[in-house]
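One structure below.
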Amino acid sequence: MLDSLDAVLEEQIKDLYSAENQLAKALPKMAIAASTETLKAAFKSHLAETKVQIERLQKIAEILEIKPGGKKCKGMEGLLEEGKEAMEENGEEVFVDAAIIAAAQRVEHYEISGYGTARAIAEAVGNTKVVQLLQMTLDEEVAADEKLTQISTSEILNAGSQSGGRNSQRSEKNGQRSDKTGSRSDKRDQHGDKEKSASGSRSRGSSRASSTSPR
Ligand SMILES: [Fe+2]
């Protein structure tokens, strides 16, 4: 029964615990499905982070004197189901990667929302230690999301538009580049040149918005 904010916090922690455990099972599959080493590495490093985040939730459960298990996060289940659909798509690697990143960023934003809310409730009930632990994870989720935005804008969207995306005219503004397999630093430089473009600033703006909203 939800008869106090403490009870709401308990529900939120259980939900996050379920969400993280589901994600920990999915991330190795996402690393296998990703076609570039950068994206594979991002999923592997987030798996390592996720394992620490699960331990952090166990620590929080100890502090709150609750059991973290026994709840299924249906939101995460649905998001991971969509991620699975993206991974099973046929098509050019770069487009499948774009679809996998899209699914992964929905997961990250969902987690950012969940941790932001839990942190706010922990603050409201005055549990400073729990606030700190939740904030640590929240910061990691925001960084993971920003990393995906960076991979997406520097490698995937650029390469995708070169290989026949409907927005391929956008890349022409920055000069023709036919070599899709050019070095990553070249792509990053080109993206750097693009930074003032509408698409570049929009994507960074949205990731910044998500990083500040939960605080
Ligand atoms: Fe997480």
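Numbering (the numbering used here), first residue to last: 483 to 697.
Yeah, the Cβ is synthetic: ideal placement off N, Cα and C, and Gly gets one too.
Only a predicted model underlies this, so the values are computations on that prediction, with no experimental measurement involved.
Based on Cα-Cα distance, which residue from the options lies nearest to residue i?
i      : options                           : result
Gly557 : Leu620, Gly573, Ile536 and Asn503 : Asn503
Ala506 : Asp497, Ala568 and Lys533         : Lys533
Ile548 : Leu620, Ile495 and Ser636         : Ile495
Ala586 : Val607, Leu529 and Arg538         : Leu529
Gly552 : Ala604, Glu493 and Glu544         : Glu493
Leu546 : Leu639, Leu615 and Ala508         : Leu615
Glu563 : Leu509, Phe577, Ser517 and Val624 : Leu509
Ile603 : Ser486, Asp485 and Leu491         : Leu491
Val624 : Glu590, Leu561 and Ser643         : Glu590
Lys541 : Asp627, Ser634, Asn640 and Met618 : Met618
Ala515 : Leu484, Val576 and Ala641         : Val576
Glu559 : Ala584, Val607 and Leu498         : Leu498
Val613 : Leu521, Leu639 and Arg538         : Arg538
Asp488 : Ile633, Ile582, Asn609 and Leu639 : Asn609
Ala626 : Lys522, Lys511, Ser500 and Ser517 : Lys522
Arg588 : Val607, Thr518, Glu628 and Gly573 : Glu628
Ala641 : Glu622, Lys611, Leu630 and Asp579 : Asp579
Cys555 : Ser500, Ile536, Ser636 and Ser517 : Ser500
Glu574 : Leu561, Ser517, Val607 and Thr635 : Ser517
Ala581 : Met483, Tyr592, Thr631 and Ser486 : Thr631
Leu561 : Ala543, Ile583, Ser527 and Thr635 : Ile583
Glu622 : Glu605, Ile536 and Thr520         : Ile536
In the DSSP assignment, find the alpha helix (DSSP H) that holds residue i and state where it starts and stops.
i      : result
Glu567 : Lys556 to Met569
Gly596 : Glu575 to Ala606
Ser527 : Glu519 to Leu546
Ser634 : Taken as a continuous stretch (DSSP letters only), Ser634 belongs to no alpha helix (DSSP H), as it is neither H nor E.
Lys511 : Leu487 to Ala515
Shorter than 8 angstroms from the beta carbon of residue i to some beta carbon of chain D?
i      : result
Ile495 : You won't find chain D in this structure, because it holds only one protein chain.
Item to check | Given 8 angstroms, three or more beta-carbon pairs between the region 591-603 and the region 567-575 | outcome: no
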